[in-house]
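This report concerns only the one structure given below.
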DNA sequence: TTAGGGTTAG
C-alpha cells in the first residue's frame, strides 16, 4: 500500500534509531525504501531520526551531514554555515522573493536540533543568527528551542544571555532548568547555579538525574560538603546512584571536600566506569598526595582498554610533578604525543597573560588585613599561645613568602595575620577537643603557615593546590608544598 | 513523527 505521510515518517524514524544500535542489522537502505515508497514527503521525512540524540551519540550521522541536509532544504542558510555573510538579510530577501513557503516549513524542531551544533563548535556568531531567526518567526516560546539557546549561549561563555533567554521563556520544564543551572556551573558561577537550584526546588519541579550531575560540581568547587552530602542522600532516595555521570561527580565532590576514602568507595562501586570516572579518581588521589595510587589507577585504566584523553594526561602528569617522579613524568609525556596523539596547548598565550595582569593591577594590593572579626583579639591571643608552644618545640619562622618591603620583625607580625592560621586558632578555641576542623582557603597556603600547621596538630588543610594531611609533624605532600 | 539538558583539568 501507499505509505501515508506521517506513518512513513514514523517508519523512517524507527529504522534510523534501530540503525544507531550497536551491531544493528538495519541500515540506510531500509530507510531509503520507505522514503521512496512515499507519494507525499515533507521536510520531516528527510530529517526523521537524523537529528536524534541517539544518532548523534552513536555518530551514525556527522554534524556536517546534518548541516548539508539542512542547507539542501534551506539553501539560504548556506551562508550561515560556511561564510561570514549575515543570515538575517538573506532570510528577508528570500521571503520577499516569494520563497516564504519553504521558510514556513522550517518548524522549531530543526532549530532546536541545529543549535547544539553551534554550541559544540562554540560559534556564538552563528548561534546568534539562528536566535534572530527564531525571534523573527516566533519560535522563542518553544521549550525545546529555548533550552537549545540557553545551552548554546552558555557553551559560548555567555551566561548572561542564557539567563536572559531562561527568564523570558513562558513555560519551563526540567530541561530548561537543568540547562540554565548547568550553564552557570560550567562557567564557574557556582553561587548563581545553587540559587537557581533552590528556586527550582521551591517551584516543586521534579528533579531528574541530570539535575544532580549538573549541580554537584558546584559543591565540589565550593567545598560545600554538607550540601554535597544532602544531594547524595537525595540521589540515593531517587535511585540515581547507578548513573555514571552522577557517581563520577560524587567521586569528584567527596575527593575535593576531603573525603578521599568515600570517593574511592563510590568509585569502586561504579559499574561501567568511563574515562571521566577514572580521571576524577586519579585527580582525587593526587589532590590528597597519593601520587602512587594515581599512577596505578592510570595503568589499570589503560589495561581495561580505556584510552586517556588530554584531561587524563594532564591529571597523571600533575601527579608525577607533585611527587617529583621525573622519569615516570617523561614516560607519560612521550606516551601522550606518540601513543595518544595529544598536542600541547595553552602555553605562551600572551593575550591571556596581559588580561590577567590588568585584572591583578585593578586589585587594591595594600588592603590585605581585615580585622573585622568579632573575636579578633581572642584569636590573636590563641595564636600567641600556640606560637610559644611551637617555638619551644623548635619552630623557626620563615618570612621568605612575605612580599612587603618591611623589616623582619614587621614581616613576622604580618605572618600572624595569615587567614589559615587564624582559622585554625579560631577552630581550636571554639570547638570541643577532638572536633574535625576543616579549613578551606581560596589561594595556596603560605610556606610558613605550612610549617606552623605541622607543629600545631593532626590536621587537614585544603588550599588551592591540594590537601595537606598533617600528622606527627609530617605532611602528606612530602613538603613538596 | 521529528527536537532541547549532565560528570574529569594543569
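Residue numbers (UniProt numbering): 1 to 481. Cβ coordinates follow ideal geometry from the N, Cα and C atoms, glycine included. In this text, all values refer to a predicted model and were calculated from it rather than measured experimentally.
query, result
"In chain order, which alpha helix (DSSP H) runs of at least 4 residues are fully inside the region 223-278?", "225-238, 244-256 and 260-268"
"Is there contact between the region 129-147 and the region 161-176, where contact requires at least three CB pairs shorter than 8 Å?", "yes"
"Pick from 436, 419 and 454: whose alpha carbon is nearest that of residue 389?", "454"
"Could you name the residues of the same chain whose beta carbon sits closer than 7 Å to that of residue 293, not counting the 5 residues immediately before and after it, in chain order?", "285"
"Under the rule that 16 or more other beta-carbon atoms within 10 Å means buried, what is residue 375, buried or exposed?", "exposed"
"Taking only the alpha-carbon atoms, compute the straight-line gap between residue 471 and residue 459 and give it to the nearest angstrom.", "7 Å"
"Out of 229, 324, 175 and 236, which has the shortest C-alpha to C-alpha gap to residue 478?", "324"
"Using only the alpha-carbon positions, how far apart do residue 394 and residue 436 sit?", "25 Å"
"DSSP on residue 342, reduced to helix/strand/coil?", "coil"
"Within 10 angstroms of its Cβ, does residue 290 collect 16 or more other Cβ (buried), or is it exposed?", "buried"
"Hey, would you say residue 134 sits closer than 8 Å to residue 111, going by beta carbons?", "yes"
"My output table needs one value for residue 40: the three-state DSSP class, helix, strand or coil.", "coil"
"In the DSSP output, what is residue 361 paired with across the bridge?", "Bridge partners of residue 361: none, in fact."
"Classify residue 332: buried if its beta carbon has 16 or more other beta carbons within 10 angstroms, exposed otherwise.", "buried"
"Given this structure, state the Cα-to-Cα distance separating residue 115 from residue 136, to the nearest angstrom.", "16 Å"
"Residue 397 to residue 199, Cα distance in whole Å?", "49 Å"
"Taking residue 202 as part of the alpha helix (DSSP H), name the residues at either end of that continuous run.", "190-202"
"With 16 as the cutoff for other CB atoms within 10 Å, does residue 304 come out buried or exposed?", "exposed"
"Measuring only the C-alpha atoms, how far is residue 213 from residue 246?", "5 Å"
"Note down the Cα distance separating residue 129 from residue 164, rounded to an integer number of angstroms.", "17 Å"
"Just mark residue 11 as buried or exposed, buried being the case when its beta carbon has 16 or more other beta carbons within 10 Å.", "buried"
"Output the distance between the C-alpha atoms of residue 428 and residue 356, rounded to the nearest integer angstrom.", "37 Å"
"Would you identify the three-state DSSP class for residue 468, choosing helix, strand or coil?", "strand"
"Are residue 150 and residue 183 close, meaning C-beta to C-beta below 8 Å?", "yes"
"Spatial neighbours of residue 328 within its chain, please: C-beta separation below 7 Å, excluding the five flanking residues on both sides.", "295 and 320"
"Excluding five sequence neighbours on each side, which residues of the same chain lie with their C-beta closer than 6 Å to the C-beta of residue 254?", "262 and 263"
"Kindly indicate which residue of 481, 178, 229 and 9 has the alpha-carbon position closest to the one of residue 259.", "229"
"Under the assumption that residue 157 contacts residue 178 (Cβ atoms under 8 Å), give the Cβ distance between them as a whole number of angstroms.", "Between residue 178 and residue 157 the Cβ distance is about 19 Å, and since that is not below 8 Å, they are no contact."
"Need the endpoints of the alpha helix (DSSP H) that residue 145 sits in, please.", "143-155"
"Looking at the secondary structure, which residues open and close the beta strand (DSSP E) in which residue 462 lies?", "459-462"
"Quick check: the Cα distance between residue 425 and residue 242, rounded to an integer number of angstroms?", "41 Å"
"Would you call the CB atoms of residue 444 and residue 463 closer than 8 Å?", "yes"
"Beta carbon of residue 162, beta carbon of residue 154: below 8 Å?", "yes"
"Just how far apart, CA to CA, sit residue 382 and residue 287?", "30 Å"
"How many Å lie between residue 337 and residue 3 at the Cα?", "54 Å"
"Can you find the residues in the same chain that come closer than 6 Å, C-beta to C-beta, to residue 306, ignoring five residues on each side of it along the sequence?", "275"
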